[in-house]
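Final position of the sequence shown in UniProt numbering is 250; the numbers increase by one with none missing.
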Amino acid sequence: MPNSPQRGSQAAKQGTTPSRTEVPADLPAEFLLADEMGWHAAGTTRPNPPVGCVIVGATGEILGRGATEPAGGRHAEVVALQAAGARAAGATAYVTLEPCNHTGRTGPCAEALIEAGVAEVHYLFADPGKTEGGGGERLRAAGVTVTGPYLDPFHLEEHRFSVEPWLRAAHLGRPHVTLKFASTLNGLAAATDRTSQWITGVPARADVHADRQYREAILVGTGTILTDDPQLTARPGGVEGPRQPLRFAL
């Protein structure tokens, strides 16, 4: 996602990553590259988090990049390691979530990093899973230099990184929900004769569609369905994208 990020926690109008204006100034820049990869996967990885990883060489060159694949596919670390190949030996990995230490549909990422000979691992957030967590300790036990977590998932009121909605849901035991609401200055959502079409302007609607492509589901009331007959699709740039949320009416 090469375009410059925009404002707030909303995605940019072109469908790029959210703003990072409140990211700590001392955060290693490699995490932002890893997060770019995570946003590539956002909305496609459930029930797994959209993790991003970069493998960096001794002189700072990027040897490999990876993002979590759909369930059953490779995790971000494995994708990045395979891209780096033999050059991963002695390199440094930056990953947006603590490498897993669990065998499920795929093997533990901590072991993959160890077997590849990675010398250092930096992770942005700790994995809260009782089964999946512990990758940092496993790496340390194998002699890998480990630094992390750099951030707490509640470091900001609004999320900035691709794994944060998943993290907050895991910590709180409930779905991560964002409310989208628009009203006029006097508190109305529509004209009584139903002649009104939009309250928000073109930039706001573009933000909504760019953000919607990263969502797993969208929920509206039956009143909205009957009145507006909305498509409830993600149309970044005005074009229906390949990633679409599940649609629910309550």
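Backbone N, C-alpha and C fix where the C-beta goes; we use that ideal spot for every residue, glycine too.
All values derive from a computational prediction rather than experimental measurement.
Would you identify the three-state DSSP class for residue 140, choosing helix, strand or coil? Residue 140: helix per DSSP, three-state reduction.
Check each candidate in 143, 85 and 217 and name the one with the smallest Cα separation from residue 179. That would be 217, whose Cα lies nearest to the Cα of residue 179.
Grab the span of the alpha helix (DSSP H) containing residue 171 for me, first residue to last. Residue range 164-172 is occupied by the alpha helix (DSSP H) that includes residue 171.
Inter-residue Cα distance where the pair is residue 71 and residue 48: Computed Cα separation, rounded: 7 Å.
Close beta carbons around residue 221, own chain, < 6 Å, minus the five adjacent residues each side: Short of 6 Å from the beta carbon of residue 221, and not among the five residues preceding or following it, lie these beta carbons of its own chain, in chain order: 250.
N- and C-terminal bounds of the alpha helix (DSSP H) containing residue 33: Segment 29-41, the alpha helix (DSSP H) holding residue 33.
Below 8 Å on the Cβ atoms is my guess for residue 144 versus residue 118; work out the distance and round it to an integer in Å. About 6 Å separates the two Cβ atoms, so the contact holds.
Within its chain, find whatever has a CB closer than 7 Å to the CB of residue 91; leave out the 5 residues flanking it on each side and keep chain order. 55, 56, 57, 63, 84, 118 and 119.
Use the C-beta contact count for residue 75: other C-beta atoms within 10 angstroms, 16 or more gives buried, fewer gives exposed. Label assigned to residue 75: buried.
Reduced DSSP category for residue 113 - H, G, I as helix; E, B as strand; rest coil: Reduced to three states, the DSSP call for residue 113 is helix.
The segment 133-148 in contact with the segment 98-107 per 3-pair CB rule at 8 Å: Counting Cβ pairs under 8 Å, three or more are found: they touch.
Would you mind reading off the limits of the alpha helix (DSSP H) that contains residue 225? For residue 225, the enclosing alpha helix (DSSP H) covers residues 222-228.
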